[in-house]
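Worksheet: the structure to be examined is printed underneath.
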Amino acid sequence: MIFTDDTEEGLRAAVWLVNSAEDPDTLADLAGERAFLEEFPYTGRLDRDETELASLRDLRPHLRAMLLAPRDEMAAHVNDALAGAHLSPHLVRHGDMDWHLHAVADERPLSERVLIETAMALIDVIRTDEGSRISVCADDTCEALALDLSRNRSKRYCSTVCANRNAVAAYRARRAGAEEA
512 MIFTDDTEEG
522 LRAAVWLVNS
532 AEDPDTLADL
542 AGERAFLEEF
552 PYTGRLDRDE
562 TELASLRDLR
572 PHLRAMLLAP
582 RDEMAAHVND
592 ALAGAHLSPH
602 LVRHGDMDWH
612 LHAVADERPL
622 SERVLIETAM
632 ALIDVIRTDE
642 GSRISVCADD
652 TCEALALDLS
662 RNRSKRYCST
672 VCANRNAVAA
682 YRARRAGAEE
692 A
């Protein structure tokens, strides 16, 4: 484990949201929000309405900028997010998660809680200088984010779809090269 469970979960949720903006948009409607909340069961206030959905959609470019920023800029993004929030830090334990910190009250809007949980996760990324674990997918046709939480830093693609597409292309290129020789 590179980071604590809550840090990894916060990073995964933020990357999911950012990648949901890629074509096809997987956060286009309330069913998309439902899928997000099934994957990342946020506690606290969940309005599950068009306003909440719109605020999550509006948050995506900001999260992308935060996650891909160089270390010093990432710190500035985190500081801006924390300065603009109604902070109410408290320790909680829920579901399979042991004690961890929620930095804003459970009744705050979901998009604010997502932003602050992302900022809190990025504090660990900044402190450990592990920003290279968040990158744009290595597939030339993809702009989604890849989150590498592997021990050997081997994850380069956002998904198995992109990884498989590139593996097949590399295989075909090697095979074509061998046939020409």
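Residue numbers (the numbering used here): 512 to 692.
The beta-carbon is built from N, C-alpha and C at its ideal position, and this holds for glycine as well.
Computed from a prediction, not measured in an experiment: that's the story for all the values here.
- Under DSSP, S646 forms a beta bridge with A657.
- Comparing alpha carbon positions, the residue from S670, L656, C653, E641 closest to R664 is E641.
- In this structure, G521 lies near E628, with their beta-carbon atoms less than 8 Å apart.
- Taking 8 Å as the upper bound for CB-CB distance, E533 and A655 are in contact here, some 5 Å apart.
- In this structure, L528 lies away from L557, with their beta-carbon atoms at least 8 Å apart.
- Within the same chain, Cβ atoms closer than 6 Å to the Cβ of S646 are found at A657, the five residues on either side in sequence being excluded.
- Cβ contact annotation for R662 (same chain, cutoff 8 Å, sequence separation greater than five): I513, in chain order.
- Here L570 is buried. Its C-beta has 16 or more other C-beta atoms within 10 Å.
- Partner residues in the beta bridge of M608, as assigned by DSSP, are H605.
- Following the DSSP letters along the chain, one finds S670 in no alpha helix (DSSP H), marked with neither H nor E.
- The three-state reading of DSSP puts H597 in coil, since its state is none of H, G, I, E or B.
- Rounded to the nearest whole angstrom, the CA to CA distance from E549 to A687 is 44 Å.
- About 6 Å separates the beta carbons of R624 and G555, which is inside the 8 Å limit, making them a contact pair.
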